[in-house]
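Engineer: In our numbering, the protein residues as written are 1 to 334. Glycine included, each C-beta is placed from N, C-alpha and C at the ideal position.
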């Protein structure tokens with residue numbers, strides 16, 4: 001089933017990002033070559049739909065060891081655009097691709113789960129060809145418009161609006177889900193909006209929120225706001241890594257501290273993430289995790305990591321009415 005990517009649709013920093021700022025940052029990447037800039041902006045301008053979101057440098061997984069970025073992606077339509085250049089330009093493009101960030105891993109799509117369109121800017125000889133590029137651009141734009149019309153006719157096209165705040169996006173919702181992709185400016189903001197606390201000062205990264213959370217989940221759940229490494233770097237003596245499909249979280253203390261093989265308390269995990277495209281950062285919910293005694297440690301490289309398994313991809317937004325934690329559909333008893 002096709003995956004909808006929402007992670008860059010939502011506001012960052014606790015307040016709305018205006019549409020002009022988002023588009024300016026998304027469509028004017030400084031590390032692109034001229035042909036890519038031309039293709040991306042030509043497609044966006046010809047599409048003429050400011051209710052459809054463009055995502056620059058969408059992360060795509062081909063298989064476990066093959067990942068890449070495509071030039072432009074439209075999550076509402078599930079269509080991706082790639083600028084096809086001559087051989088030497090393609091190699092240069094691979095060489096300059098940035099390292100993946102956590103936000104890329106969280107919002108990745110599978111290679112077979114979207115419709116790709118390629119825009120050729122060079123002939124087989126490697127020489128630029130304007131007419132060829134224009135032909136492919138028009139074909140891609142027509143496909144985008146047709147898909148948008150199809151979804152509108154079915155009542156399934158949700159208009160893109162980056163100017164809604166996290167509070168507005170959560171209004172009326174009973175739970176927050178991983179797929180929502182909502183980011184919060186601070187730990188305090190996330191705690192106040194999700195756990196019905198009234199904090200006015202910054203919180204630690206690992207704690208039991210007071211009020212409704214403590215009353216309902218004391219001894220069962222804790223809130224965890226870790227920094228998760230993608231490049232192998234550690235933070236304050238800890239190395240936390242996330243499996244690419246988000247199902248497991250690996251934890252290691254680099255100072256050599258012994259960690260227990262099991263913990264009875266589950267963790268609501270909301271790690272720090274940054275977006276290199278939008279140059280913004282915040283905290284994003286990635287699920288509820290628990291340890292399993294039989295699979296509590298795993299070797300990654302030369303090191304042993306403690307393993308946390310995701311048991312729910314949603315968490316109830318707390319208030320006056322207690323709610324049960326929804327389990328993953330494919331969860332099996334541990």
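By a C-beta neighbour count over all protein chains shown, 10 Å radius and 16 as the cutoff for buried, is residue 20 buried or exposed?
Structural biologist: In the chain shown, counting from the first residue as 1, residue 20 sits at position 20. Residue 20 counts as exposed, since fewer than 16 other beta carbons sit within 10 angstroms of its beta carbon.
Engineer: Might you give, ordered along the chain, the residues of its own chain that have their beta carbon closer than 6 angstroms to the beta carbon of residue 206, omitting 5 neighbours on each side?
Structural biologist: Translated into positions along the chain shown, residue 206 becomes position 206. The residues are 224.
Engineer: Using the Cα positions of residue 160 and residue 151, report the straight-line distance between them to the nearest angstrom.
Structural biologist: Sequence index remark: in the chain shown, residue 160 carries index 160 (1-based). Sequence index remark: in the chain shown, residue 151 carries index 151 (1-based). In a straight line, the C-alpha of residue 160 is about 14 angstroms away from that of residue 151.
Engineer: Taking the C-alpha atoms as reference points, what is the distance between residue 284 and residue 230?
Structural biologist: The count along the chain shown starts at 1 and reaches residue 284 at position 284. The count along the chain shown starts at 1 and reaches residue 230 at position 230. Rounded to whole angstroms, residue 284 to residue 230 spans 16 angstroms at the Cα level.
Engineer: Using only alpha-carbon positions, find the residue among 286, 54, 292, 237 that is nearest to residue 75.
Structural biologist: Position 75 of the chain shown holds residue 75. Ranking the options by Cα distance to residue 75, first place goes to 54.
Engineer: For the putative contact between residue 215 and residue 316, defined by C-beta atoms under 8 angstroms, what is the C-beta separation to the nearest angstrom?
Structural biologist: Here residue 215 corresponds to residue number 215 of the chain shown, with the count starting at 1. Here residue 316 corresponds to residue number 316 of the chain shown, with the count starting at 1. With 8 angstroms as the limit, residue 215 and residue 316 do not qualify as a contact, their Cβ atoms being about 13 angstroms apart.
Engineer: Count the other CB atoms, across all protein chains shown, that sit within 10 Å of the CB of residue 298; report buried if there are 16 or more and exposed otherwise.
Structural biologist: Within the chain shown, numbered from 1, the residue matching residue 298 stands at position 298. Exposed, because fewer than 16 other Cβ atoms sit within 10 Å of the Cβ of residue 298.
Engineer: Less than 8 angstroms between the beta carbons of residue 244 and residue 142, yes or no?
Structural biologist: Residue mapping note: residue 244 aligns to position 244 of the chain shown, counting from 1. Residue mapping note: residue 142 aligns to position 142 of the chain shown, counting from 1. Residue 142 sits away from residue 244, with the two beta carbons spaced by 8 angstroms or more.
Engineer: Since residue 299 is in the beta strand (DSSP E), which residue starts that stretch and which ends it?
Structural biologist: Start at 1 with the first residue of the chain shown, and residue 299 comes out as number 299. Element bounds for residue 299: 297-300.
Engineer: Where do the ends of the alpha helix (DSSP H) carrying residue 193 lie?
Structural biologist: Walking along the chain shown from the start, residue 193 turns up at place 193. From DSSP, the alpha helix (DSSP H) with residue 193 extends over 187-195.
Engineer: Taking its Cβ as the centre, do 16 or more other Cβ atoms sit within 10 Å of residue 17, making it buried, or is it exposed?
Structural biologist: Your numbering for residue 17 matches position 17 in the chain shown. By the 10 Å Cβ count, residue 17 comes out buried.
Engineer: For the alpha helix (DSSP H) containing residue 153, name the first residue and the last one.
Structural biologist: For the purposes of this step, residue 153 is taken as the residue at position 153 of the chain shown. Where residue 153 is concerned, the enclosing alpha helix (DSSP H) stretches over 130-153.
Engineer: Please say whether residue 187 and residue 203 have beta carbons closer to each other than 8 angstroms?
Structural biologist: Working through the chain shown from its first residue, we reach residue 203 at position 203. Working through the chain shown from its first residue, we reach residue 187 at position 187. Yes.
Engineer: Check whether the Cβ atoms of residue 114 and residue 78 lie closer than 8 angstroms to each other.
Structural biologist: Looking up residue 114 in the chain shown gives position 114. Looking up residue 78 in the chain shown gives position 78. It is a contact, given that the beta carbons lie within the stated cut-off.
Engineer: Going by Cα to Cα distance, which pick from 213, 212, 249 is closest to residue 227?
Structural biologist: For the purposes of this step, residue 227 is taken as residue 227 along the chain shown, with counting starting at 1. The residue with the shortest Cα to Cα distance from residue 227 is 249.
Engineer: Please report the straight-line C-alpha distance between residue 197 and residue 211, rounded to a whole angstrom.
Structural biologist: Counted from its first residue, the chain shown places residue 197 at position 197. Counted from its first residue, the chain shown places residue 211 at position 211. Their Cα atoms are separated by approximately 6 angstroms.
Engineer: What is the C-beta distance between residue 102 and residue 273, in whole angstroms, given that I count them as a contact (C-beta under 8 angstroms)?
Structural biologist: Position 102 of the chain shown, counting from 1, holds the residue named residue 102. Position 273 of the chain shown, counting from 1, holds the residue named residue 273. About 5 angstroms separates the two Cβ atoms, so the contact holds.
Engineer: Which of the three DSSP states, helix, strand or coil, is assigned to residue 114?
Structural biologist: Sequence index remark: in the chain shown, residue 114 carries index 114 (1-based). Coil.
Engineer: Within 10 Å of its beta-carbon, does residue 264 have 16 or more other beta-carbons around it, so buried, or fewer, so exposed?
Structural biologist: Walking along the chain shown from the start, residue 264 turns up at place 264. That one is exposed.
Engineer: Apply the 10 Å Cβ neighbour rule to residue 312 and answer buried if 16 or more other Cβ atoms are within range, or exposed otherwise.
Structural biologist: As a working note, residue 312 is residue 312 in the chain shown. Buried, by the Cβ-count rule.
Engineer: Looking at C-alpha atoms only, which residue of 302, 57, 72 is the closest neighbour of residue 276?
Structural biologist: For the purposes of this step, residue 276 is taken as residue 276 along the chain shown, with counting starting at 1. The residue with the shortest Cα to Cα distance from residue 276 is 57.
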